[in-house]
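Here is the structure we will look at, set down as structure tokens.
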Amino acid sequence: MKLKKLLVLLLLVTVCVCIARYIYINSVNRFTNNFGDIFPIKNNPWINTSRNISYSGNTLEVELKNDKNEWKYNKMEIHPLLANKLLINDNGSLKYKLTQEEDDEIMNKLFPLYTGPTVPSIHIDISVMLSINNPKYNKMRSETIKLLDNYKIPPLEVFYGYTRETVKQAKFYNLMYNKERRIELPVGLLEIYEKFVNKYPNKNAWMLYLEDDVRIVNLEPGSDVSILYNVPSDAELIRPFIGSNKMTTMESVKYRKSFNGVYNHAVYISVSGCKKVLKYAKKHKWKYNSDIDLYRLAVGAGGFPTGYESWSFMYSDNQNNISNLIPEEDKIRMYSMDHIIFNQTSLPCAPFKWFKVICIN
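Here the numbering used here = 1-based position in the sequence shown + 6.
Rendered as structure tokens:
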């Protein structure tokens, strides 16, 4: 009787193994047969230095060899606008290599001008500058504030942040996922956001966040940057450093939806936006350098890169593993101005090739 049961069990196992093998072989055949159609080698030279390729739905997972012959994991959603565009292996990272015409066309489609309901004006309650209290930064901050005095800005406060030597003292140090990264900026940023939220418990106030080498550009001296006009009605964060690098006025600025990217020397953000950033950090920890996490919290951010990070996820372990953690109601309604009105001395706009899609001369 026991032998009979054993034989039946063995037969069932054999059948299951055969079925699994059949499904696997057919899935591999389907993948192999369709792979050349989805990723023609002409537009996908990364294939030549890859292994462990998986493509499911519209998500590509692959390991690429870098310049040190190390294998690096990549995960990227293939956005319809980027299908069949030149995709290369850039030192172990998937990266789109677009012509300027392709770049402009895709970016305009990803980030169209906003045409929805607006608020006539928003008055910014305060501005807060992140700086360091040492001779070098004291001098830099003094020069910056002197130049800012040529314009009308919200009442200014200075928050003294942290250096590599003092960052362990930061209140939010333990919310940093990888403490080996450059985390001096996000720990200071989170502390500023928390203080701002606590200062306005009963009002969805707005803050202009600044770094200490910021410069106002493309506005006439005397312009008032404490008032925003015709702002998208659901806006929670506005980036004032993307778009045309030509003279403008605050009254004529238009807006585009925005997500992804880097660069955080000046940002307009509301209490509701700050609360969402703090909620994310406390629940999931801050994963990457500087401000990368911030822009992945935006509505619209997904598993595909944009020109705002040079068409690659190389700055975030070759993937976007942040946006899918956040429910839609906790994502930030993020926009950018269509003109650059803030620049900074440490990363000026024009000389940087990778920044060409942000600076439109």
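C-beta: ideal position from N, C-alpha, C; glycine also.
Computed from a predicted model, the values in this text were never measured in an experiment.
- The straight-line gap separating the alpha-carbon atoms of Asn80 and Asn54 is approximately 15 Å.
- Taking C-beta atoms as the reference points, Phe310 and His85 count as a pair closer than 9 Å.
- Inclusion of Tyr120 and Lys337 in the CB contact set at 9 Å is not warranted, their separation being larger than that value.
- Between the stretch 137-155 and the stretch 254-273 there are fewer than three C-beta pairs closer than 8 Å, too few to call the two in contact.
- Counting only runs that start and end inside the stretch 51-99, there is no alpha helix (DSSP H) element of at least 4 residues.
- Around Ile47, the same chain offers Ile53 as residues with beta carbons nearer than 7 Å, after the five sequence neighbours per side are excluded.
- When secondary structure is reduced to three states using DSSP, Gly313 falls in the helix class.
- As the crow flies, the alpha-carbon of Ser276 is around 15 Å from that of Tyr301.
- Residue pairing for His271: DSSP places it in no beta bridge.
- Nearest C-alpha to Leu162 among Val223, Met213, Leu243 and Ile332: Met213.
- Of the residues Asp155, Tyr183, Lys158 and Leu191, the one whose Cα lies closest to the Cα of Thr172 is Leu191.
- In the structure shown, Gly249 falls within a strand segment according to DSSP collapsed to helix, strand and coil.
- Your pair Asn50 and Asn72 does not check out as a contact, with CB atoms roughly 17 Å apart and the cut at 8 Å.
- With respect to Ile189, Trp292 sits close: the two C-beta atoms are nearer than 9 Å.
- Positions of the alpha helix (DSSP H) runs, each at least 4 residues long and wholly inside the stretch 108-179, are given as 141-154 in order along the chain.
- Judged by DSSP in its simplified three-state form, Tyr183 adopts coil rather than helix or strand.
- Gln350 has Val220 as its beta-bridge partners, per DSSP.
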